[in-house]
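Here is the structure we will look at.
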Amino acid sequence: MPYIKALMSAPSIHVRSFGCQMNKLDTALVTSALKEAGYDFTDSVKQADVVLINTCSVREHAEQRVLSHLGHLKHIKKSRPNLIVGVIGCMAQRLGDKLLEHEAVNLVCGPAEIPQIEQLITETLKEKKKSLAVTEKIRQKAPEQQSQELEQFESAYGIEDKSIPGQAYVRVMRGCNNFCSYCVVPYVRGPEVSRPPDAIIEQIKKLADLGVKQVTLLGQTVNSYKYKQGAKTWSLADLLHAASDIEGIEWLRFVTSYPFKEFFDDIMQVMASSPKVCEYLHMPAQSGSDKILRAMNRNYSADSYLELLERARAIVPGITIAGDFIVGFPGETDEDFQATVDLVKKARYKNAFIFKYSPRPGTTADNRLQDTVDIEVKQKRNLELLTVQEKISDELSRDFLGKQVKVLVEGLSKKSRVNLDKDENPQLIGRTSGDWIVVFNGPESLAGTFAAVKIEGISPLTLFGRLA
Ligand code: 5AD
Ligand code: SF4
Numbered sequence: 397m398p399y400i401k402a403l404m405s406a407p408s409i410h411v412r413s414f415g416c417q418m419n420k421l422d423t424a425l426v427t428s429a430l431k432e433a434g435y436d437f438t439d440s441v442k443q444a445d446v447v448l449i450n451t452c453s454v455r456e457h458a459e460q461r462v463l464s465h466l467g468h469l470k471h472i473k474k475s476r477p478n479l480i481v482g483v484i485g486c487m488a489q490r491l492g493d494k495l496l497e498h499e500a501v502n503l504v505c506g507p508a509e510i511p512q513i514e515q516l517i518t519e520t521l522k523e524k525k526k527s528l529a530v531t532e533k534i535r536q537k538a539p540e541q542q543s544q545e546l547e548q549f550e551s552a553y554g555i556e557d558k559s560i561p562g563q564a565y566v567r568v569m570r571g572c573n574n575f576c577s578y579c580v581v582p583y584v585r586g587p588e589v590s591r592p593p594d595a596i597i598e599q600i601k602k603l604a605d606l607g608v609k610q611v612t613l614l615g616q617t618v619n620s621y622k623y624k625q626g627a628k629t630w631s632l633a634d635l636l637h638a639a640s641d642i643e644g645i646e647w648l649r650f651v652t653s654y655p656f657k658e659f660f661d662d663i664m665q666v667m668a669s670s671p672k673v674c675e676y677l678h679m680p681a682q683s684g685s686d687k688i689l690r691a692m693n694r695n696y697s698a699d700s701y702l703e704l705l706e707r708a709r710a711i712v713p714g715i716t717i718a719g720d721f722i723v724g725f726p727g728e729t730d731e732d733f734q735a736t737v738d739l740v741k742k743a744r745y746k747n748a749f750i751f752k753y754s755p756r757p758g759t760t761a762d763n764r765l766q767d768t769v770d771i772e773v774k775q776k777r778n779l780e781l782l783t784v785q786e787k788i789s790d791e792l793s794r795d796f797l798g799k800q801v802k803v804l805v806e807g808l809s810k811k812s813r814v815n816l817d818k819d820e821n822p823q824l825i826g827r828t829s830g831d832w833i834v835v836f837n838g839p840e841s842l843a844g845t846f847a848a849v850k851i852e853g854i855s856p857l858t859l860f861g862r863l864a
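Counted from 1, the sequence shown has number 427 at position 31 by our numbering; the numbering is strictly sequential.
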């Protein structure tokens, strides 16, 4: 009998996840594997025997938050020396044994090593020793056995994220080969590997059988998905097409897209022709200055990026577009920044995520370029770009006033901001197929189902309405 199942009472695990959707998915996979192995889960650190932290390295700020959390755990461990603390995710891979030296940390496990997580935790609990599992040569193609283990882990446990009912993520590719000069991802998640289409489709079918209605396909550059099978090379468009035939799945999304020309029209065409593929494209531009784009090693110009958006809008007229930007990249002048402002004005995003450049050790930008833009200037540009975008978001949201939208209900909203109905029903949150957030009152039992909502109020990023 496995060690955990033979114990009188199962150890309790508390998981905390930082970072992107990839991390959320990894957390779900790990949680599911550990539940299967007999572990209990708790929402409280106080009741936990093991605290697992899934970490992000994309900006320094994300790492600082983890370090401050570890500082807090170190304090707790003074009175509870048996508490096990494990760090998984990108920071685990990036810092490896340095992280293991932290007083609070007992185990460190990189993203490509998560199939070992159960064994690592069990050994750490039994033997009270420190354990390290990181990938030594992260940029090399993984040995066949390791790839198979990851693939097995992924498909066996890809069904456990109850945080939003009715929805699930499915990874279609791991890693990244793009090497944008500021980005740490290729060094912590390794080379790009597309998963076999059969495994992906099988997994989506399983999710549909479990009642999942919306699947989001995940990849760092999801639109470069490519898998050779016999004479056929599968693209993301083929995957979306095949997934559209799965009964029970009603909405399909994919994130994040890179402005690649290859496959672009095919993907847009599936979006236009399949009612299941949500009319939503998240495609970061990062900057509107060609000089900065070159320094970022992004392989397109501002004009060619905007051309892609035009093509997207020509093929899918109602498409919603979202973007990411980095302000204050080394060498970014006022003029470069102005080019970014111009691009944002032309792109007319639903929303844009705007980040201040954060030097990441090991990246080419950090190796070769000085972080020249003052933090005050980064701050100012960040705010200015947000203001420009907010005005656009506000204008776009006005189109919804008085209209009825279909939303997939996520559950209770965090804050009760507007109470249009003064009835007993709590405030709920849902999303349209174009990813607009909709807040309305209704019974909590609607979570995980589709609802029709009439829009009666707006704010730049949120639509407010009542159940139709
Ligand atoms: N500094 C600031 N932002 C970054 N991003 C990635 N790396 C960095 C960095 N070093 C942003 C990009 C990316 C998003 C996920 O995070 O905009 O699209
Ligand atoms: Fe990072 Fe660029 Fe890869 Fe995105 S495409 S993960 S920004 S290297």
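All C-beta atoms, glycine included, are put in the ideal place defined by N, C-alpha and C. All figures in this text were calculated on a predicted structure; none of them were measured in a lab.
Give every residue of the same chain whose Cβ lies closer than 7 Å to the Cβ of residue i, excluding the five residues on either side of it in the sequence, and list them in chain order.
i: E675; result: M667, V712, G714, I715, T716, S829 and G830
i: I750; result: F721, V723, N778, L781 and L782
i: L403; result: none
i: T768; result: P726 and G727
i: R764; result: none
i: C576; result: M692, N693 and R694
i: A735; result: G684, S685 and A698
When you compare each of the options to residue i by their alpha carbons, which one comes out closest?
i: I480; options: Q512, R744, F721 and Q443; result: Q443
i: E706; options: L677, S440 and K811; result: L677
i: F549; options: L702, K776, A424 and D770; result: A424
i: T759; options: I688, P582 and L702; result: P582
i: K431; options: D445, E514, Y623 and L491; result: E514
i: P592; options: V530, K746, K624 and L496; result: K624
i: L792; options: P822, K746, L842 and S685; result: K746
i: R455; options: Y578, V441 and G644; result: Y578
i: A761; options: V580, K628 and N502; result: V580
i: M418; options: T858, T617 and V784; result: T617
i: S754; options: L808, C505, R744 and Q775; result: Q775
i: Y565; options: I596, T612, L632 and V801; result: T612
i: V411; options: S405, G434, A433 and T438; result: T438
i: S789; options: V740, V589 and Q766; result: V740
i: S670; options: D770, A638 and L491; result: A638
i: V589; options: G826, N573 and Q599; result: N573
i: A864; options: D422, F846, K526 and R585; result: F846
i: F484; options: K811, E509, S475 and K470; result: Contrary to the premise, residue 484 reads as Ile rather than Phe in this sequence. Per the Cα distances, E509.
i: D493; options: K850, I645, T427 and K526; result: K526
i: P587; options: L603, G644, K601 and R570; result: R570
Locate the alpha helix (DSSP H) running through residue i, then write down its first and last residues.
i: T518; result: I513 to E523
i: T427; result: Q417 to E432
i: G467; result: E456 to S475
i: C486; result: C486 to L491
i: D597; result: It should be pointed out that residue 597 corresponds to Ile in this sequence rather than to Asp. Counting along the chain, the alpha helix (DSSP H) containing I597 begins and ends at P593 to D605.
i: Y701; result: A698 to I711
i: L636; result: L632 to S640
i: Q665; result: F660 to S669
i: D686; result: D686 to A691
For chain D, is any of its Cβ atoms less than 8 Å away from the one on residue i?
i: R777; result: Here chain D cannot be found, since the structure has a single protein chain.
Hey, would you say the C-beta of residue i is under 7 Å away from at least one heavy atom of the ligand NAD?
i: Y578; result: As for the ligand NAD, it is missing from this structure, which binds only the ligand 5AD and the ligand SF4.
For residue i, which residues of its own chain have a beta-carbon under 8 Å away from its beta-carbon, when the five flanking residues on both sides are left out?
i: E852; result: L797, G798, L816, F860, G861 and R862
i: R461; result: F414
i: S697; result: D686 and L689
i: T629; result: K622 and Y623
i: A633; result: F659, D662, I663, Q665 and V666
i: A488; result: T451, L495, V504, C505, G506, P507 and V530
i: L635; result: V568, P593, I596, I597, L613 and Y621
Counting only the same chain and skipping the five closest in sequence on each side, list residues whose C-beta sits under 6 Å from that of residue i.
i: D795; result: none
i: R813; result: With a pLDDT of only 44 at R813, under 50, the local geometry of the prediction cannot be trusted, and no value is derived from it.
i: D445; result: P407 and S408
Can you tell me where the beta strand (DSSP E) with residue i in it begins and where it stops?
i: A529; result: S527 to A529
i: L403; result: Where L403 is concerned, there is no enclosing beta strand (DSSP E), given that its DSSP letter is neither H nor E.
i: T716; result: T716 to V723
i: T617; result: Unbroken run through T617: none, as it is neither H nor E.
i: H678; result: Y676 to H678
i: W832; result: No beta strand (DSSP E) holds W832; DSSP gives it neither H nor E.
i: Y654; result: First-last for Y654: undefined, no H or E at that position.
i: A847; result: F846 to S855
i: Q800; result: Q800 to L808
i: G727; result: Where G727 is concerned, there is no enclosing beta strand (DSSP E), given that its DSSP letter is neither H nor E.
i: K811; result: Taken as a continuous stretch (DSSP letters only), K811 belongs to no beta strand (DSSP E), as it is neither H nor E.
i: F860; result: T858 to L863
i: I534; result: Neither: I534 is in no beta strand (DSSP E) and is coded neither H nor E.
In chain order, each beta strand (DSSP E) run of at least 3 residues that lies wholly inside the region 550 to 585 = If only uninterrupted beta strand (DSSP E) runs of at least 3 residues are considered, those enclosed by the region 550 to 585 are 563 to 567.
What alpha helix (DSSP H) runs, 4 residues minimum, are completely inside the region 737 to 773?
-> Segments of the alpha helix (DSSP H) lying fully in the region 737 to 773: 760 to 764.
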